[in-house]
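First residue of the sequence shown: 0, per numbering that gives the first Met the number 0; consecutive thereafter.
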Amino acid sequence: MLLEADDLTKIYVTGYGPVEAVRGVTLRVNAGEFVVLAGPSGCGKTTLLGMLGGFETPSGGTVRLQGQELNQIPPHELVRLRRTHLGFIFQGFHLLQNLTAAENVALPLAMRPGTPAQREARAHELLELVGLGGRTRHFPYQMSGGEQQRVAIARALANGPKVVFGDEPTANLDEDTTRAVLDLFARLNRELGQTFVVATHDPLFADYAGRYVRMRDGRLLAP
Ligand SMILES: Nc1ncnc2c1ncn2[C@@H]1O[C@H](COP(=O)(O)OP(=O)(O)OP(=O)(O)O)[C@@H](O)[C@H]1O
Ligand SMILES: [Mg+2]
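Quick look at the structure:
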């Protein structure tokens, strides 16, 4: 078992009282799965992903990555674990604007052993993989939304993560580009066995998911 969440809850304390964003979620993700987490705005998807990815502390319950409980890991080690074992793709790409596609992809490799030439070669290989072999020297502003998102996907894959988390990764894309990105996820999942956990409210994702998990009001619905 790769990822195990047990009875996860998250309560945000606000000036207007507590908000129960996640209310007792238990979820198992096996290595090689492509899990889509679907549900309406405000149902708790981002909050749940944040806890699964170790950057949001649960109010209750546990998350284990390969048996290791994230909450037990000291903060600096957790940052390291995230950087080396997990990949993240967000809505809006978060690419650095003054770096080329290849430089953006190579960023997470900076902490790893290897020469700059090796890192560059790896970045080119990843951009090739996402169909952007001809765009390595382009800056983000010189690329379309779909291309930028594919650069972000290549960057998320750079460290060979155990899990890639996506939060609304196609939110700014048109339907054709959304399908292209989903095809890419499906291919990486099939060919490399890459594990994905992706949150969305786009019903298009249902066609691509290995497992489709629906969420409402902080809870998972029965399959
Ligand atoms: N930092 C916060 N403080 C207080 N309440 C929060 C905070 N973050 C999220 N919430 C609340 O928690 C609930 C779940 O939010 P969350 O962002 O997880 O939903 P979501 O499913 O990702 O929605 P969307 O599809 O719009 O991104 C919402 O009611 C939201 O208002
Ligand atoms: Mg969200």
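All residues carry an ideal CB built from backbone N, CA and C; glycine is no exception. Owing to the predicted nature of the structure, the values given are computational and were not obtained by experimental measurement.
Between the stretch 137-148 and the stretch 105-112, the count of Cβ pairs shorter than 8 Å is below three; the stretches do not touch.
Per DSSP, reduced to three states, the secondary structure at ASP5 is strand. With respect to the C-alpha of GLY165, the residue from GLN65, THR46, ILE10 having the closest C-alpha is THR46.
Here the C-alpha atom of GLY91 lies approximately 16 Å from the C-alpha atom of GLU174.
Just so you know, the alpha carbons of LEU2 and GLN117 end up roughly 31 Å apart.
For LEU203, the shortest separation between its Cβ and any heavy atom of ligand 1 does not lie below 8 Å. Classified as buried, VAL24 has 16 or more neighbouring CB atoms from the shown chains inside 10 Å of its CB.
Annotated three-state conformation of ALA120 is helix, per DSSP. Beta-bridge partners assigned by DSSP to MET142: none are found.
Setting aside the 5 residues that flank it on each side, GLY144 is surrounded in the same chain by ASN171, LEU172, THR176, each with a C-beta closer than 7 Å to its C-beta; the list follows chain order. Between the stretch 1-15 and the stretch 57-64, the count of Cβ pairs shorter than 8 Å is three or higher; the stretches touch. Fewer than three beta-carbon pairs drawn from the stretch 126-133 and the stretch 198-213 are found closer than 8 Å, and the two stretches are therefore not classed as touching.
Taken through DSSP and simplified to helix, strand or coil, ILE152 comes out as helix. A check of alpha carbon separations from ASN188 across TYR211, ARG27, VAL163, PRO17 identifies VAL163 as the nearest. In this structure, the straight-line span from the alpha carbon of GLY38 to that of HIS93 is close to 24 Å.
Checking the 8 Å criterion, the Cβ of THR45 is within range of a heavy atom belonging to ligand 2. A Cβ-Cβ distance of about 16 Å is found for the pair VAL28 and THR199, leaving them out of contact under the 8 Å criterion. Just so you know, the alpha carbons of ASN158 and GLY43 end up roughly 28 Å apart. Burial state of LEU95 is exposed, judged by a 10 Å Cβ sphere holding fewer than 16 other Cβ atoms.
Approximately 6 Å separates the beta-carbon atoms of ALA100 and LEU131; this is inside 8 Å, confirming the contact. Of the heavy atoms belonging to ligand 2, at least one sits nearer than 8 Å to the Cβ of ALA198. It is roughly 9 Å from the alpha-carbon of VAL212 to the alpha-carbon of LEU26. As the crow flies, the alpha-carbon of ILE152 is around 16 Å from that of LEU98. With respect to ARG154, VAL104 sits close: the two C-beta atoms are nearer than 9 Å.
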